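First comes the structure, then the notes that go with it.
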Amino acid sequence: VQLQASGGGLVQAGGSLRLSCAASGTIASFNIMAWYRRAPEKERELVASITTFGRMDYADSVKGRFTISRDNTKNTLYLQMSSLKPEDTAFYYCAARRKAWGTYDYWGQGTQVTVSS
Numbered sequence: 046v047q048l049q050a051s052g053g054g055l056v057q058a059g060g061s062l063r064l065s066c067a068a069s070g071t072i073a074s075f076n077i078m079a080w081y082r083r084a085p086e087k088e089r090e091l092v093a094s095i096t097t098f099g100r101m102d103y104a105d106s107v108k109g110r111f112t113i114s115r116d117n118t119k120n121t122l123y124l125q126m127s128s129l130k131p132e133d134t135a136f137y138y139c140a141a142r143r144k145a146w147g148t149y150d151y152w153g154q155g156t157q158v159t160v161s162s
């Protein structure tokens, strides 16, 4: 299965973007799917994750502003980002794994999000 992220771009602070991560195959077997981001000169950060049962977890920095969701019928993972801040500027990429724990097995190539002040 390959993951293809899209939806990034340039947006002003306070604006919104929706990222999509389309899979080449079924995502129903993925126990957990997630969005990560990496900003220049910073460590990779787990932004949000969602289980096959719909449990969602978020980084404290995005709680209340970002919403992760998945559509198994469309084999797509989403990240709705609102009230964007310049510090959200990063390269965002999706990941997935079939096990409930451990490392992620599949990684998308990512999409750039730039938030101007």
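Take the sequence shown: its position 50, counting from 1, is numbered 95 in the numbering used here, and each next residue is one higher.
Each residue gets a CB set at the ideal place from its N, CA and C atoms; glycine is no exception.
None of these values were measured; they are calculated from a predicted model.
In summary, Phe-98 is exposed, with fewer than 16 beta-carbon neighbours lying within 10 Å of its beta-carbon over all protein chains present. A Cβ-Cβ distance of about 25 Å is found for the pair Ala-58 and Leu-122, leaving them out of contact under the 8 Å criterion.
Nearest C-alpha to Lys-119 among Arg-142, Leu-64, Ala-140 and Ser-69: Ser-69.
Straight through space, the alpha carbons of Gly-153 and Arg-143 are spaced by roughly 15 Å. In the three-state reduction of the DSSP assignment, Glu-90 falls in the strand class, which pools E and B. Around the beta-carbon of Met-101, fewer than 16 other beta-carbon atoms lie within 10 Å, marking it exposed. Cβ neighbours of Ile-77 within its own chain (closer than 6 Å, five residues either side excluded): Ser-94, Thr-96 and Arg-142. If you draw a straight line from the Cα of Met-126 to the Cα of Leu-64, it is about 8 Å long. Under the three-state reduction of DSSP, Asp-150 is assigned to coil, being neither helix nor strand.
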